[in-house]
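In the working numbering, the protein residues as written are 749 to 887. Glycine residues also receive a C-beta, built at the ideal position from the N, C-alpha and C atoms. Worksheet for the structure shown next.
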Amino acid sequence: NQQEPEGAPVSETSSTESDLTGASCPAPSNGPLEITYWKTPSGKTYCAHMNGEGHESIRCDVTGWNDETMYLDSGAKGKAELSPATDSVANPDAPVMPYDQVQTIGSFRCVVHATTGTRCVNLCSLQGFEISTQSKKTF
Numbered sequence: 749n750q751q752e753p754e755g756a757p758v759s760e761t762s763s764t765e766s767d768l769t770g771a772s773c774p775a776p777s778n779g780p781l782e783i784t785y786w787k788t789p790s791g792k793t794y795c796a797h798m799n800g801e802g803h804e805s806i807r808c809d810v811t812g813w814n815d816e817t818m819y820l821d822s823g824a825k826g827k828a829e830l831s832p833a834t835d836s837v838a839n840p841d842a843p844v845m846p847y848d849q850v851q852t853i854g855s856f857r858c859v860v861h862a863t864t865g866t867r868c869v870n871l872c873s874l875q876g877f878e879i880s881t882q883s884k885k886t887f
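Structure representation (structure tokens):
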């Protein structure tokens, strides 16, 4: 049930790393599943925000990680995990998330850095992940 990306995937909130935490925590939508795609300027990381049917999450795939994906769930206990994957959220038509701009989408904040990769945080649990072509880390 994938939808084509429409416009900017996220709303710009700030350009400082410290703004990755400390915001409100909205509840997941109970409506139909909506998927918003984006990619990094390098085109090496693709992400999708999924919200609907009472569940919200972010998933990011790095080109070359053929069987692994980084997944972050919403909610107060939402944890990040490196998971096996048999599919991909890569969407070549996805809009680009600019470098060094903190973006809020649903219950998450993400930022893409040219040197360290993509970092996403669950605003409820303050857990998240950092991924790049060189490394993968959950916190």
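query: Exposed unless 16 or more other CB atoms sit within 10 angstroms - verdict on residue 882; result: exposed
query: Segment contact, 8 angstroms Cβ cut-off, at least three pairs: the stretch 850-867 with the stretch 786-794; result: yes
query: Segment limits, beta strand (DSSP E) that includes residue 778; result: Looking at the DSSP string, residue 778 is not in any beta strand (DSSP E), and its letter there is neither H nor E.
query: Nearest candidate by alpha-carbon position, reference residue 813, set 800, 855, 835, 827; result: 835
query: Cβ neighbour criterion (16 or more within 10 Å) applied to residue 824; result: exposed
query: Cutoff 8 angstroms; reference residue 887; Cβ partners in own chain excluding five residues on either side; result: 828, 875, 876, 877, 878
query: Cβ distance (whole Å) where residue 804 is taken to contact residue 776 below 8 angstroms; result: 4 angstroms
query: Beta carbon proximity, residue 816 to chain D, threshold 8 angstroms; result: Although the question refers to chain D, the structure presented lacks it and comprises just one protein chain.
query: Assigned exposure category for residue 864 - 16 Cβ within 10 Å defines buried; result: exposed
query: Closest by C-alpha distance to residue 826, when choosing among 817, 856, 833; result: 856
query: Given residue 802 as reference, the closest of 808, 818, 782, 819 once Cα atoms are compared; result: 782
query: Residue burial classification, residue 821 (beta-carbon count within 10 angstroms, cutoff 16); result: buried
query: Bridge partner(s) assigned by DSSP for residue 809; result: 794
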